[in-house]
Amino acid sequence: QFETWGLEDGWKYGDEVILMPKIVEPPFETKSDYRICAEIAARLGLEEVYTEGRTERDWIAWSLDRYRQSRFPGLPTLDEFEASNAGVYSLPVERPAVAFTDFRRDPVKHPLPTPSGKIEIFSKSLHDMSNPAEIPAVPKYIQEWESPFGPEANKYPLSAIGHHYLSRVHSTLEGVEWLEEAFPQRLFINPLDAGPRKVKNGDLVRVYNDRGAVVVPCRLTQRIMPGVVALPQGAWWTPDKNGVDRRGSVNVLSSERWTPLAFGNAQHTIMVQVEKEEAG
Numbered sequence: 018q019f020e021t022w023g024l025e026d027g028w029k030y031g032d033e034v035i036l037m038p039k040i041v042e043p044p045f046e047t048k049s050d051y052r053i054c055a056e057i058a059a060r061l062g063l064e065e066v067y068t069e070g071r072t073e074r075d076w077i078a079w080s081l082d083r084y085r086q087s088r089f090p091g092l093p094t095l096d097e098f099e100a101s102n103a104g105v106y107s108l109p110v111e112r113p114a115v116a117f118t119d120f121r122r123d124p125v126k127h128p129l130p131t132p133s134g135k136i137e138i139f140s141k142s143l144h145d146m147s148n149p150a151e152i153p154a155v156p157k158y159i160q161e162w163e164s165p166f167g168p169e170a171n172k173y174p175l176s177a178i179g180h181h182y183l184s185r186v187h188s189t190l191e192g193v194e195w196l197e198e199a200f201p202q203r204l205f206i207n208p209l210d211a212g213p214r215k216v217k218n219g220d221l222v223r224v225y226n227d228r229g230a231v232v233v234p235c236r237l238t239q240r241i242m243p244g245v246v247a248l249p250q251g252a253w254w255t256p257d258k259n260g261v262d263r264r265g266s267v268n269v270l271s272s273e274r275w276t277p278l279a280f281g282n283a284q285h286t287i288m289v290q291v292e293k294e295e296a297g
């Protein structure tokens, strides 16, 4: 985001460092997450404890120094990074990386980060969670609580996914007209599923299940498999007077049930029906 500093290193295991410098001041009274937390800390008398005397830019410089001491010895300083106007530093690749090379060479000296230090077929850690129905200690296929193979498919035969879209980062940048023109919110559906429903490209369709309904235009494409529809995640909930979302928020359709291991949101386990929305 343009109003604050950012730094990304590829989810801690990548070979690149990406600098995202602040280029504009926050408008009006808006503040970054860091400033909000720092001001709360100040009111609690803990500002110095929280910030350690560093600004957001100082923390970026500090982080780059830490990178330089570990995986990226050739990483430029923040001033050099900014002056280069490159934005991305790539770690020089001397030879292709092979996973678990050190472990294969000496498994005693370089154990894996598992309780046994080895590749585990049976996981005692998962076994001790005492939830074998959802978290088995030995890998196996588990049918989802909603799936094309369950009884719910008789009523809702299409499996819906909520994928990341080119026009947004989750819900950030939703509603930007230029992005909406390039990547309009719509349901992606295979022609084999659209045909029996008498749905044509661009038609308004109602996507629904027992939890809710959305009305959006559709795009017919063979790039999605039959039996599956895709509704880009991140659209802002916009209900009409009847509570039907007119923007295409996939959260209307998803369950509040979380994933058993990570307790994350599960918006790829959604069974729905699609029908043409009649005018009026």
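Going by our numbering, the letters in the sequence shown line up with residues 18 to 297, in that order. All C-beta atoms, glycine included, are put in the ideal place defined by N, C-alpha and C. Remember, it's a predicted structure, so these values are computed and weren't measured experimentally.
Opening and closing residue of the beta strand (DSSP E) in which residue i lies
i	result
Ser80	From DSSP, Ser80 is part of no beta strand (DSSP E) but of the alpha helix (DSSP H) over Glu73 to Arg85.
Ile206	Leu204 to Ile206
Arg298	The requested residue 298 is not part of the displayed model; the chain covers only 18 to 297.
Glu25	Gly23 to Glu25
Val66	From DSSP, Val66 is part of no beta strand (DSSP E) but of the alpha helix (DSSP H) over Glu64 to Thr68.
Val186	Looking at the DSSP string, Val186 is not in any beta strand (DSSP E), and its letter there is neither H nor E.
Ala247	Val245 to Ala247
8 Å contact criterion, which residue i and residue j should meet: CB distance rounded
i	j	result
Gln202	Pro128	With 8 Å as the limit, Gln202 and Pro128 do not qualify as a contact, their Cβ atoms being about 48 Å apart.
Ser272	Arg228	7 Å
Leu108	Glu33	7 Å
Glu194	Arg185	Not quite, the Cβ-Cβ distance comes to about 13 Å (not below 8 Å), so this is no contact.
Trp254	Arg264	7 Å
Leu221	Phe200	Contact doesn't hold; Cβ gap of about 18 Å is too wide.
Leu270	Val289	6 Å
Ala78	Leu92	The pair is not a contact, with the Cβ atoms about 11 Å apart (cut-off 8 Å).
Val66	Leu175	That pair is no contact at about 52 Å.
Limits of the unbroken alpha helix (DSSP H) element including residue i
i	result
Ser142	Lys141 to His144
Glu197	Glu194 to Ala199
Tyr106	No alpha helix (DSSP H) holds Tyr106; the beta strand (DSSP E) holding it covers Val105 to Ser107.
Phe120	Thr118 to Arg122
Three-state secondary structure (DSSP) of residue i
i	result
Arg214	helix
Phe98	helix
Asp32	coil
Pro38	coil
Ile159	coil
Ile138	coil
Ala170	helix
Thr47	coil
Ala55	helix
Leu209	helix
Arg60	helix
DSSP beta-bridge partners of residue i
i	result
Lys293	Val222
Asn148	Answer is none; Asn148 lacks a bridge partner.
Val175	The sequence shown places Leu at residue 175, rather than the Val named in the question. For Leu175, which the question treats as bridged, DSSP gives the partners Val289.
Asn268	Beta-bridge pairing links Asn268 to no other residue.
Asn282	Trp275
Asp262	Val231 and Pro256
- [ ] For the region 94–106 and the region 35–47, state whether three or more C-beta atom pairs, one from each stretch, are separated by less than 8 Å.
- [x] Three or more beta-carbon pairs drawn from the region 94–106 and the region 35–47 are found closer than 8 Å, and the two stretches are therefore classed as touching.
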